[in-house]
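**Student:**
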Amino acid sequence: MSSPLADLVLPWFRAEARDLPWRRPETTPWGVLVSEFMLQQTPVNRVEPIWNVWMQRWPRPSDLAAAPRADVLRAWGKLGYPRRAIRLHDAAAAIAEQHGDEVPSDVDALEALPGVGSYTARAVAAFGYGLRAPVVDTNVRRVVARAVHGAGDAGPARVRADLADVDALLPPDDDSAAVVSAGLMELGAVVCTARTPHCGLCPASSVCAWVANGRPAYDGPRKPVQGFAGTDRQVRGKLLDVLRDSPGPVPRAALDAVWSDAGQRDRCLDSLLVDGLCEQTDDGRFALPA
DNA sequence: CATCCGTGGAA
DNA sequence: TTTCCAAGGAT
3 MSSPLADLVL
13 PWFRAEARDL
23 PWRRPETTPW
33 GVLVSEFMLQ
43 QTPVNRVEPI
53 WNVWMQRWPR
63 PSDLAAAPRA
73 DVLRAWGKLG
83 YPRRAIRLHD
93 AAAAIAEQHG
103 DEVPSDVDAL
113 EALPGVGSYT
123 ARAVAAFGYG
133 LRAPVVDTNV
143 RRVVARAVHG
153 AGDAGPARVR
163 ADLADVDALL
173 PPDDDSAAVV
183 SAGLMELGAV
193 VCTARTPHCG
203 LCPASSVCAW
213 VANGRPAYDG
223 PRKPVQGFAG
233 TDRQVRGKLL
243 DVLRDSPGPV
253 PRAALDAVWS
263 DAGQRDRCLD
273 SLLVDGLCEQ
283 TDDGRFALPA
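Quick note on the numbering used here: the first sequence kicks off at 3 and runs consecutively.
(1) Taking the straight line between their C-alpha atoms, what separation do you get for Trp32 and Thr233?
(2) Which one of Arg235, Asn141 and Thr283 has the shortest CA to CA distance from Ala159?
(3) Under 8 Å between the Cβ atoms of Val182 and Leu171?
(4) Please report the Cβ distance between Val55 and Ala93, rounded to the nearest whole angstrom; I am assuming they are in contact, meaning their Cβ atoms lie under 8 Å.
(5) Helix, strand or coil for Phe129, going by three-state DSSP, please let me know.
(6) Give me the Cβ distance between Leu274 and Gln282, rounded to the nearest whole Å; I'm assuming they're in contact under 8 Å.
(7) Could you work out which residue in Val237, Gly250 and Val145 is closest to Asp263 when comparing CA atoms only?
(8) So what does Phe288 bridge to, in DSSP terms?
(9) Spatial neighbours of Asn215 within its chain, please: C-beta separation below 7 Å, excluding the five flanking residues on both sides.
(10) Using only alpha-carbon positions, find the residue among Ser5, Asp272, Gln58 and Gln43 that is nearest to Pro23.
(11) Secondary structure at Pro31, three-state DSSP: helix, strand or coil?
(12) Report the residue from Arg235, Leu189, Asp272 and Arg287 whose alpha carbon sits nearest the alpha carbon of Ala255.
(13) Between the C-alpha atoms of Asp277 and Lys240, what's the straight-line distance to the nearest angstrom?
(14) Within the continuous alpha helix (DSSP H) that includes Gln228, where are the two ends?
(15) Please name the residue, chosen from Thr122, Asp103 and Ala231, that lies closest to Asp110 on a Cα-to-Cα basis.
(16) So, for Trp53: in the same chain, excluding its five sequence neighbours on each side, which residues have a beta-carbon less than 7 Å away from its beta-carbon?
(17) Below 8 Å, can you find three or more Cβ-Cβ pairs linking the segment 41-48 to the segment 82-91?
(18) Reducing DSSP to helix, strand and coil, say where Val193 ends up.
(19) Measuring only the C-alpha atoms, how far is Asp103 from Pro63?
(20) On a Cα-Cα basis, can you pick out the residue from Thr195, Cys201 and Arg134 that is closest to Asp169?
(21) What are the start and end residues of the alpha helix (DSSP H) that includes Thr140?
(22) With a Cβ-Cβ cutoff of 8 Å, do Leu245 and Leu290 count as a contact?
(23) What is the C-beta distance between Leu115 and Ala127, in whole angstroms, given that I count them as a contact (C-beta under 8 Å)?
(24) Quick one: Cα of Asp177 to Cα of Val209, how far?
(25) Select from Met187, Arg224, Pro174 and Val34 the residue whose C-alpha is nearest the C-alpha of Leu90.
(26) Quick one: give me the first and last residue of the alpha helix (DSSP H) that Gln43 is part of.
(27) Out of Leu189, Gly130, Gly250 and Gln266, point me to the one whose CA is closest to Cys280's CA.
(28) Hey, how far is the Cα of Ala87 from the Cα of Arg269?
(29) Under 8 Å between the Cβ atoms of Ser4 and Pro173?
(30) Out of Lys225, Ile97, Ser120 and Gly190, state which residue places its alpha-carbon closest to the alpha-carbon of Arg143.
(31) Given a threshold of 16 other Cβ atoms within 10 Å of its Cβ, counted over all protein chains shown, does Glu188 qualify as buried or as exposed?
In C-alpha cells, the structure reads:
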C-alpha cells in the first residue's frame, strides 16, 4: 500500500516543507479548516495574512459563528469568491451547534458541512487530525499524472479513479500517510509546477514516469480558461467592493456608479441578494448582511 | 459534466 | 499586453 514515490516524497517534505502558519504544531483542526477554505483557488501568499487575523479574532468555530455576516465578509476582504466566507460562516455554525464546537475528523461528517467537498474534507482529516486520507487537489493530480502515468499534465478530473490512484500511493499508517499527502501537494506546488517543472530539484525524478518518457508535452483536452473582464463575476466584485468599503447602507446610486450596463448590474445585485452577500434595508438602501 | 463563482501576480 | 492559473465547490 506504500510506494517508491511516497518513500521519496516523505523525507523530502520533512526536510523542505515551507513554514506555513497553518502547518505549525499548535494549529488546531479549526485552523486547518479555515486555511483550506481560504486556499480554495487562492494562492498561499494572499491567504497567510488573512488567516493570521482570523485565528486571532475567531479562535474557535463558535467565535466565528457568533460574528455578524458583515464582519465576516469584511475580514475576508479581497480573497475572492466571497461565497466561501458565507459557507465557512455557516460551517462554523453547524460545527458549534451539531458537533460540540469540535471540527469533525470523519470524512463523511466533514463533507456534510457547507462548502466542504471531497478535497477539503480529506485535507482536514489528514492535516488537522493526522489521518490516512487520500487528498486530491490540482497539485496532486498533476504529480500523479506525471510521476505515475507519464503524462505531461492531468486531464479532466475522474474523482473515483483519482482517489484510487492516490490511495495506492499512501503508506498504511496514519502518521506517514498524512505527511505523504502534504508532501505530494507541496511537490506539485513548488517543484512539479504547472508551467515550468523543476525536475532537477525533484526528489522523485528517479521514479517519475514522465521523466522516463522524455517529458512528452500534454496533448489531452485543455481546461477552458475563464475570462474575467466584463463577466458577472467582475460586476459582483465591484458591487461588493462598495458594500465592504461603506460602514453603513448605501443608496442604489452608489451601486449604479460602478457599472454602466443596467441590466447586468441589476442581475448581479439580485444574485448577491440571493447568495446572502447583500441585504436591502427598509428604506431601500443596500448593505452587507447583518 | 460544464459552467459559474473573484482576485491579483507572474510568465 | 494578454494569458494563465492558484490547496475547489455547488449546481
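Glycine residues also receive a C-beta, built at the ideal position from the N, C-alpha and C atoms.
**Tutor:** The structure says:
(1) The residue you call residue 32 lines up with position 30 of the first sequence. The residue you call residue 233 lines up with position 231 of the first sequence. Straight-line Cα distance between these residues: approximately 34 Å.
(2) The residue labelled residue 159 in the question sits at position 157 within the first sequence. Per the Cα distances, Asn141.
(3) By 1-based counting over the first sequence, the position of residue 182 is 180. By 1-based counting over the first sequence, the position of residue 171 is 169. The answer is yes: Cβ separation under 8 Å.
(4) Translated into the one-based positions of the first sequence, residue 55 becomes position 53. Translated into the one-based positions of the first sequence, residue 93 becomes position 91. Contact flag wrong, Cβ pair sits at about 18 Å.
(5) Here residue 129 refers to the residue found at position 127 of the first sequence. Phe129 falls in the helix class under three-state DSSP.
(6) Within the first sequence, the letter at position 272 stands for residue 274. Within the first sequence, the letter at position 280 stands for residue 282. About 10 Å separates the two Cβ atoms, so there is no contact after all.
(7) Locating residue 263 in the first sequence gives position 261, where the first residue counts as 1. Nearest of Val237, Gly250 and Val145 to Asp263, Cα basis: Val237.
(8) Taking the first sequence and counting its residues from 1, one reaches residue 288 at position 286. Its beta-bridge partners are Val252 and Gln282.
(9) Taking the first residue of the first sequence as position 1, residue 215 is located at position 213. Counting only Cβ-Cβ distances below 7 Å, and skipping sequence neighbours, we find Gly152.
(10) If you number the first sequence from 1, residue 23 lands on position 21. That would be Gln58, whose Cα lies nearest to the Cα of Pro23.
(11) In the first sequence, counting from the first residue as 1, residue 31 sits at position 29. Helix at Pro31.
(12) Start at 1 with the first residue of the first sequence, and residue 255 comes out as number 253. Comparing Cα positions, the closest option is Arg287.
(13) Numbered from 1 along the first sequence, position 275 holds the residue referred to as residue 277. Numbered from 1 along the first sequence, position 238 holds the residue referred to as residue 240. Between Asp277 and Lys240, the C-alpha separation is close to 16 Å.
(14) Counting from one through the first sequence, the residue named residue 228 turns up at place 226. Gln228 -> no alpha helix (DSSP H), and no H or E assigned at all.
(15) Translated into positions along the first sequence, residue 110 becomes position 108. Among Thr122, Asp103 and Ala231, the Cα nearest to that of Asp110 belongs to Thr122.
(16) By one-based count along the first sequence, residue 53 stands at place 51. Cβ within range, chain order: Pro23, Trp24, Val36, Ser37 and Met40.
(17) Taking one beta carbon from each stretch, the segment 41-48 and the segment 82-91 have 3 or more pairs nearer than 8 Å; the two touch.
(18) Translated into the one-based positions of the first sequence, residue 193 becomes position 191. Residue state for Val193 is assigned as coil, using DSSP reduced to three classes.
(19) As a position in the first sequence, residue 103 is number 101, starting the count at 1. As a position in the first sequence, residue 63 is number 61, starting the count at 1. For Asp103 and Pro63, the distance between alpha carbons rounds to 6 Å.
(20) Start at 1 with the first residue of the first sequence, and residue 169 comes out as number 167. With distances taken between Cα atoms, Asp169 lies closest to Arg134.
(21) Sequence index remark: in the first sequence, residue 140 carries index 138 (1-based). Thr140 to Ala149 is the span of the alpha helix (DSSP H), which, as asked, contains Thr140.
(22) For the purposes of this step, residue 245 is taken as residue 243 along the first sequence, with counting starting at 1. For the purposes of this step, residue 290 is taken as residue 288 along the first sequence, with counting starting at 1. Yes, Cβ-Cβ distance for Leu245 and Leu290 is below 8 Å.
(23) As a first step, residue 115 must be located in the first sequence, where it is residue number 113. As a first step, residue 127 must be located in the first sequence, where it is residue number 125. Contact doesn't hold; Cβ gap of about 12 Å is too wide.
(24) Within the first sequence, residue 177 is the residue found at index 175, counting from 1. Within the first sequence, residue 209 is the residue found at index 207, counting from 1. In this model, Asp177 and Val209 are separated by some 23 Å (Cα to Cα).
(25) Translated into the one-based positions of the first sequence, residue 90 becomes position 88. It is Val34 whose Cα lies nearest to the Cα of Leu90.
(26) For this step, residue 43 is matched to residue 41 along the first sequence. First-last for Gln43: undefined, no H or E at that position.
(27) By 1-based counting over the first sequence, the position of residue 280 is 278. The residue with the shortest Cα to Cα distance from Cys280 is Gly250.
(28) Within the first sequence, the letter at position 85 stands for residue 87. Within the first sequence, the letter at position 267 stands for residue 269. C-alpha separation (whole angstroms): 21 Å.
(29) Looking up residue 4 in the first sequence gives position 2. Looking up residue 173 in the first sequence gives position 171. Taking 8 Å as the Cβ cut-off, Ser4 and Pro173 qualify as a contacting pair.
(30) On the first sequence, residue 143 is found 141 positions in, with the first residue counted as 1. Comparing Cα-Cα distances from Arg143 to each of Lys225, Ile97, Ser120 and Gly190, the minimum goes to Gly190.
(31) Sequence index remark: in the first sequence, residue 188 carries index 186 (1-based). Under this definition Glu188 is a buried residue.
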